[in-house]
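Undergrad: So that we are looking at the same thing, I have put the structure below in C-alpha cells.
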C-alpha cells in the first residue's frame, strides 16, 4: 500500500489516491469480506419513521471503543487479519492510531448513502478518515455546507480517499444511487474514535 500525491482537484481536506491496492488484490479482498464479515442492515429513524438503511454494514473496532450515529450505538466485531494488517500499514502511512473501521457494502447501484458529515463527537473536531474502495466503481459527491458547491470523484477499486482537516465541519458527502451499476462495492472507512491523534496528517507521510 503506497501513498503519493493525490490525483484529482478536490476541496481542501479531501485527497484521492487511485491505486493504493492492485486491482487483483482489491477484488480478492472484496470477495473475501463479502463472505467473512458479519453484515447487518439496521433500521434508523428518519422524520419519525423507521427504515432499513439502503446498504449493509459492519462495525469493527478495538475492545472498549463505543461509536454511534443516527442515535444508534454500533456493535463491535473483531478485526479480521487482512484488515488488521491494512490498519497497521495505514497507521504507518498517515500517522494516526486508527482503532475502528466502519465497513459499508453497497450490493448494487441501488444501495446508497445520503448527504451527511462524519462529525460525531466521538471522532473529534478534525478527524482523519481513510476510505478504501473495493469492487465496482461508484460516484462520490462532496458539497460545501454554506455555498452548496459540489464536487464529484469516481472511486475505483483499490483507491483511497483521505478526509482530514476541516472536511467534516465544512462539507457533506454522499454516495448516490446509480441504476446502471450492477456490481457490488465495499467501502472501508478507518477512523479514530474517542482518542486524540498525536500526529498531523500530511500528504505522502511515511
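Numbering (UniProt numbering), first residue to last: 1 to 206. C-beta atoms are modelled at their ideal positions from N, C-alpha and C, and glycine is treated no differently. Since this is a predicted model, take the numbers as computed values, not measurements.
Using C-beta distances below 7 Å, list every residue in its chain close to residue 178, excluding the 5 sequence neighbours before and after it, in chain order.
TA: If we look at residue 178 and ignore the five residues flanking it on each side, its Cβ neighbours are 109, 138, 139.
Undergrad: Per DSSP, what kind of secondary structure is residue 43 in: helix, strand or coil?
TA: Here residue 43 sits in strand by DSSP.
Undergrad: Could you give the residue range of the beta strand (DSSP E) that holds residue 93?
TA: Element bounds for residue 93: not the beta strand (DSSP E) but the alpha helix (DSSP H), 81-94.
Undergrad: Just to check my reading of the structure: residue 127 and residue 87 have Cβ atoms closer than 8 Å, yes? What is that Cβ distance to the nearest angstrom?
TA: Rounded, the Cβ-Cβ distance is 16 Å, inconsistent with contact.
Undergrad: Out of 186, 174, 194, 161, which one is the CA nearest neighbour of residue 12?
TA: Nearest option by C-alpha distance: 161.
Undergrad: Closest by CA to residue 230, which one among 171, 136, 165, 45?
TA: Nothing in the structure corresponds to residue 230, since the chain is present only between 1 and 206.
Undergrad: Quick test of your reading: residue 119 and residue 54, contact by CB under 8 Å. State the CB separation rounded to the nearest angstrom.
TA: About 21 Å separates the two Cβ atoms, so there is no contact after all.
Undergrad: Have a look at the DSSP bridge pairing and note the partners of residue 107.
TA: Per DSSP, none; premise fails for residue 107.
Undergrad: Within its chain, find whatever has a CB closer than 8 Å to the CB of residue 101; leave out the 5 residues flanking it on each side and keep chain order.
TA: So the list reads 59, 60, 61, 79, 83, 87, 188, 189, 190, 191, once near-sequence residues are dropped.
Undergrad: Straight-line CA distance for residue 107 to residue 125?
TA: Cα-Cα distance, rounded: 32 Å.
Undergrad: What does the alpha-carbon distance come out to for the pair residue 14 and residue 164?
TA: Their Cα atoms are separated by approximately 7 Å.
Undergrad: Closest to residue 176 by CA distance: which of 104, 156, 113 is it?
TA: Among 104, 156, 113, the Cα nearest to that of residue 176 is on 113.
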